[in-house]
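What follows is a single structure, written as C-alpha cells, with notes after it.
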Amino acid sequence: MTRDKEEKRRPVLFINDHADILLEILKRLDGRSLCTAACVCRLWRALATADSVWEHLCLRRIVSPPPSSPGSSVRPVVSALGGYRRLYMLCVRHLLTRLDRDPGGRWRTSSAWDELQLSLSLFCVDYYERLGGRFGDTAATSSLMFLCKPVNV
Amino acid sequence: MGPGKPPPPPRTELDGFLAGAGYKVRSSDLHHVAQRLERLESAMVSSPSHVVSHLTSDTVHYNPADLVSWVDSLLSELTHSYHHPNNSSAPTSSTSSSSHSLPVDLDDLFAIPSAANNWLQPEMPLSQPPQLTVFTTMEEDSGIRLVHALMTCAELVQRGDLHLAGTLVDEMTALLTRINTGCGIGKVAGYFIDALSRRVSGAGSAPASPHETEILYHHFYEASPYLKFAHFTANQAILEAFEGHDCVHVIDFSLMHGLQWPALIQALALRPGGPPILRLTGIGPPSPDGRDTLREIGHRLAELARSVNVRFAFRGVAVSGLEDVKPWMLQVSPNEAVAVNSIMQMHKLLGPDPSPIEPVLSWIRGLNPRIVTLVEQEVNHNQTGFLDRFTEALYYYSTVFDSLEAACPVQPDKALADMYLQREICNIVCCEGAARIERHETLAQWRDRLNRSGFRPLPLGSNAFKQASMLLTLFSAEGYSVEENEGCLTLGWHSRPLIAASAWQASPLSAAIADGDN
C-alpha cells in the first residue's frame, strides 16, 4: 500500500534528468543561491560551478556591451586570470553590494561595463600578487582585503 | 566638571560672546570642536546600538557648556567603551605629580583652557563615568598643549635656539605619556616629536634600504586608497593616450613591485582592435644583495602579459636616483608612443641648486612623450622657512593619519603604512640640503613648473573621474572625496585634497621657443 502511494507521489518531471533545463534555471540565480545549489548533489555541483554560469552572472547586468569588446574577447582574459567564478567571488560581489548601498552616488552615470572593467583590473592585480607567491616573494599579501572589510554605512 | 569656575578673560570679541552665552570655549578651539563633532558623528554611526542608546537617554552626563571636553568625552566614551578602563586609572594618580613637573615657562607660553583646571585637583574620589570625563578632559587638553608646544619648538629650531628646543622636546615627551598615542593627535604628535628630537640632537634620520622602502610602500598601497587612486588614474590616462598606437613604451620612474602595471596590461588586452606591443622600462634602485629585483618584477609582469596574450618586453634601469638616468639608457625607438609615469618621484629632484629637475624635465621633453602622468602629494613641503614647512607638515600628516585610521583597521598593514609615512615626516623635519628628498609641492606649483618647461596639460577626462569615484566607494571609510581641478583629479579626506594626479604632453616646439623668447 505504501508503495502505491509512493508511486502516485513521484513527480512526473525529475529535474536531474534534464540538465539543460537545470542549467537555464541556474543561470538565473544570484551568487549566493548558486553556491547553495552547488551543495545539493554531484550533478548540481558540476553545473553550478561551471564557469559559463558565472560568466552569465557577471555579465548579466550588461545590457549591451560595447561592440568593440564583446564578451567573447573578455573570456580568454578572465580564464587566464582565474575564471569568472573567482572574479565574482573576489571582486564583482563586493563591488555590487558596495555600489548598491550608495545608489545616489555621483558616479552612477557609469555603466555596468565600467563596473566590470574595474572588477577586472582589481582581479588582475590579485592574480599578479599570487604570482608573486610562486616567484618566492614571501611578502605577497592580498590587495583585495579592503573589499572584504565591512562597510560602515 | 568645575561648574563654579569662571571662564578665563575673553581674548577676542567672539570669545566674549561665547562666554556671555554660557559656553566655556575659545574661538580658537572651535575648529577643534568641529573636527571632533565630525568624528563623533562617524563614531556614533559605526558603534553598536547598545553603546549609542546610552547616549540617547535623557540624562545629561557631561556639562555641554564646556564644548571642547563635552564633545571629546562623548567621542572617547564611544571609542573607549570597548577598552578596559585601566588606561583611565593611570592619569588620576599621575595628575598631582605631573602638574608639578611642568616648568612655569610652559604654562606661560599658552593659556590653559578652563576645563583643564579639573585635573589639577589631586585625589578626587571618582566613580566610573566621572573618571572617564577627567581622563578625556586631560587628553583633549594635552592634545592642544602638544600642538602649541610643537609649534613653539619649531619656532625655536628656526631661530637656532637648539638648547631650549631640546628642553621643550623633553617636556613634550613627558606630555605624550599622558595621552593615547595609538591614534589621533597623540600618534601624529609622537612622530613629530621624534623627528624634532632627531633634528635637535643632530642624529638625523637613517636612510631606508630599498628593500625596506618597497615593503613599506606595498603596505601603504594596501592600507589606503591613495596609491590605488594614483595607479588607476594614471593607467586610464595612459590607456586613452595610447589609443590607435601599435607600439607603446611605458617608462616607470619607480617600479617598486610593479603593482601599477597588471591593470594596464589587462586593459590593453581588452582594448578594441587588440593589444599593442608593450614595452616597459622600470627604473629602480640597485639591489644590494645580488638579487636583481627589477628583473624579477619584469619576469612576473611578463608572465602575466603572456597569460593574457599581450606581447611584452621589459627592461630594468638600476640607478640610485632619477638624476642619474640618461636618455640613452631608456632606448626609446622613434616609432613607438612613449608614456612617462611618475608616482611621487619628481619631488625628489627639487633639491638645492643646481636642482636636477630642469635637466630631467628637459630630457623627458626630448623623448617627445605622448603623455606624462604625474601624481604628487598636494601640499607645499618645500618652503625655505622651517616653521612654515613644519606647520604644513603637521596639518597635512594629521589629515592623512586620520584618513588611514578610518580606512584600515587591519593591523599589520596599518602599522607598516604608518611607518611609511613616518619616514616622510622624519625626512621633512630632520633633513636639510641634499638629504631632504621629500620636497612636496602643490599642483599649482607643478603646473607652473611644467608649463615653463615646455609641457601643456592634458585633461584627465570623465572616465578617469568615474573610475576613481567607483574605486572610492569600495573603501569602507566615508570621508574620501575625489575632486576635479582644471583637468586634474585630486583625492582628499573631508574636502582637503591630499594627492593630485595630472597628465601632460610636450607642447609643440615652436610654441616652446616663442615662450622662451618672452
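Residue numbers (full-length UniProt numbering), protein chains in the order written: chain V, 1 to 153; chain W, 1 to 518.
Glycine included, C-beta positions come from ideal geometry on N, C-alpha and C.
The model shown is predicted, which means the values in this text are computed figures rather than measured ones.
- Look at the segment 148–225 of chain W and you find these whole runs of alpha helix (DSSP H), each 4 residues long or longer: 162–176, 184–201, 210–223.
- Residues of chain W whose Cβ lies closer than 7 Å to the Cβ of L95(V) are, in chain order, L474.
- Under a criterion of Cβ atoms nearer than 9 Å, no residue of chain V is adjacent to M419(W); the nearest Cβ is some 14 Å distant.
- Shown here for R439(W): same chain residues with a beta carbon closer than 6 Å to its own, the five before and five after excluded, namely H347, L350, N382 in chain order.
- Taking a Cβ-Cβ threshold of 9 Å, none of the residues of chain V is close to V250(W); the smallest such distance is about 16 Å.
- In the DSSP assignment, C488(W) falls within the beta strand (DSSP E) that extends over 488–493.
- E358(W) counts as exposed, since fewer than 16 other C-beta atoms from the protein chains shown sit within 10 angstroms of its C-beta.
- In terms of beta-carbon proximity, C58(V) stays away from the interface with chain W, with every pair separated by 8 Å or more.
- Between I265(W) and L278(W), the beta carbon gap of about 7 Å places them in contact (Cβ cut-off 8 Å).
- The C-beta distance from D252(W) to L227(W) rounds to 13 Å, too long to fall under 8 Å, and the pair is not in contact.
- Residue-level contact by beta carbon holds for A80(V) and chain W, with a gap shorter than 8 Å.
- Proximity of chain V to L268(W) at the Cβ level (cut-off 8 Å) is not reached, the minimal Cβ distance being about 10 Å.
- Of all residues in the UniProt region "SAW" (430–505) of chain W, those with a C-beta nearer than 9 Å to a C-beta of chain V are S462, N463, F465, K466, Q467, A468, S469, M470, L471, L472, T473, L474, F475, S476, A477, E478, V482, reading in chain order.
- Around the beta carbon of F14(V), fewer than 16 other beta carbons lie within 10 angstroms, which makes this residue exposed.
- Residues of the UniProt region "Leucine repeat II (LRII)" (296–328) of chain W whose Cβ lies closer than 8 Å to any Cβ of chain V, in chain order: E296, H299, R300, L301, E303, L304, S307, V308, N309.
- 8 Å or more divides the Cβ of G31(V) from the Cβ of Y84(V).
- The beta carbon of E243(W) lies closer than 7 Å to none in the same chain, with the five residues before and after it left out.
- Taking C-beta atoms under 8 Å as the contact rule, R456(W) and Q505(W) qualify, at a distance of about 6 Å.
- L259(W) belongs to the set of residues whose beta carbon lies under 8 Å from a beta carbon in chain V.
- Contact annotation for A263(W) against chain V: S121, C124, V125 [CB-CB distance below 7 Å, chain order].
- Burial is judged here by how many other beta carbons sit within 10 angstroms of a residue's own beta carbon; W261(W) has at least 16 and is buried.
- Runs of alpha helix (DSSP H) with 4 or more residues, each lying fully within the UniProt region "VHIID" (217–282) of chain W, are found at 226–241, 261–269, listed in chain order.
- Here R447(W) is buried: its Cβ has 16 or more other Cβ atoms, across all protein chains shown, within 10 Å.
- Residue pairing from DSSP leaves N380(W) without any beta-bridge partner.
- Around the beta carbon of E441(W), 16 or more other beta carbons lie within 10 angstroms, which makes this residue buried.
- Of all alpha-carbon atoms in P508(W), L150(W), H218(W), L301(W), the one lying nearest the alpha-carbon of A195(W) is that of L150(W).
- DSSP, read as helix, strand or coil, puts L498(W) in strand.
- Using beta-carbon distances, F232(W) counts as an interface residue toward chain V, with a partner under 8 Å.
- Annotated as proximal: H245(W) and P276(W), with beta-carbon spacing under 8 Å.
- For Y480(W), the pairing in a beta bridge is given by DSSP as W493(W).
- Per the Cβ contact rule, the segment 309–328 of chain W is in contact with the segment 278–297 of chain W (3 or more Cβ pairs under 8 Å).
- Between D51(V) and chain W, the shortest Cβ-Cβ separation is not below 8 Å.
- Here L443(W) is not near A503(W), since their CB atoms are 8 Å or more apart.
- Rounded to whole angstroms, the separation of the alpha carbons of E376(W) and Q345(W) is 8 Å.
- Counting the other Cβ atoms within 10 Å of the Cβ of W44(V) gives 16 or more, which makes it buried.
- Between E392(W) and V400(W), the beta carbon gap of about 12 Å keeps them out of contact (Cβ cut-off 8 Å).
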